[in-house]
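Following: one structure in structure tokens, then a few remarks.
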Amino acid sequence: MTISPQVSEAGARRLPLSETRVLLGVGLAIALVAGLVFRVVGQLVLVPSRPLVTAAVFALTVPAMWALAVGIFRWRGLSSGARREAAVLLVVPGMLVDAVSTALFSVVYPNMGLEAAGLFGGLLLLAYATVLVAGFVSR
Numbered sequence: 000m001t002i003s004p005q006v007s008e009a010g011a012r013r014l015p016l017s018e019t020r021v022l023l024g025v026g027l028a029i030a031l032v033a034g035l036v037f038r039v040v041g042q043l044v045l046v047p048s049r050p051l052v053t054a055a056v057f058a059l060t061v062p063a064m065w066a067l068a069v070g071i072f073r074w075r076g077l078s079s080g081a082r083r084e085a086a087v088l089l090v091v092p093g094m095l096v097d098a099v100s101t102a103l104f105s106v107v108y109p110n111m112g113l114e115a116a117g118l119f120g121g122l123l124l125l126a127y128a129t130v131l132v133a134g135f136v137s138r
């Protein structure tokens with residue numbers, strides 16, 4: 000079953016509300032799990048004094064997030080056009096959560112030194128950008 004966007008009054012194609020809710024929920028779940036992972040092991044993978052480890056984490060983030068996004072698109076049976084909206088719906092919950100978690104970095108992630116905050120923010124931007132690009136160019 001392929002989910003195609005519906006045409007709204009303005010002529011723009013939109014996902015059904017039920018699909019929108021699923022994608023927002025999946026995006027929130029991914030953000031919360033990722034936050035928990037960094038709460039547990041963030042101090043091991045985002046260390047400014049270990050640039051090779053950090054570079055490897057950044058390099059692995061792109062294919063991992065691409066595969067995750069495309070996997071979700073396929074799981075939900077989304078058409079090419081619907082993937083654009085889906086990508087946005089997947090990243091928005093995490094962006095909202097991370098707006099708070101990065102502002103309160105030392106409180107939310109006491110396991111990581113404050114010097115890792117910039118790396119963390121950069122990694123988040125890379126992950127979100129990857130999902131968005133996957134939504135616009137994946138087939």
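The sequence shown begins at 0 in numbering that gives the first Met the number 0 and counts up one residue at a time.
Even glycine gets a Cβ: it sits at the ideal position worked out from N, Cα and C.
- As the crow flies, the alpha-carbon of valine 56 is around 19 Å from that of valine 90.
- Shown here, arginine 82 sits in a helix according to DSSP, grouped into three states.
- If you look at proline 109, you'll find it isn't in any alpha helix (DSSP H); DSSP assigns it neither H nor E.
- Cβ neighbours of methionine 94 within its own chain (closer than 7 Å, five residues either side excluded): Tyr127.
- Just measuring C-alpha positions, the residue of Gly26, Glu114, Leu27, Arg82 sitting nearest serine 48 is Glu114.
- When Cβ pairs closer than 8 Å are counted between the two stretches, the segment 55-70 is seen not to touch the segment 99-113, the count staying below three.
- The three-state secondary structure of arginine 38, taken from DSSP, is helix.
- Distances from the CA of valine 61 to each of Val39, Arg138, Gly134, Thr129 were compared; the closest alpha carbon is that of Thr129.
- Beta-carbon to beta-carbon, valine 39 and valine 52 are separated by about 16 Å, too far to satisfy the 8 Å threshold.
- Taking leucine 124 as the centre and dropping the five residues before and after it, the same chain places no C-beta closer than 8 Å to its C-beta.
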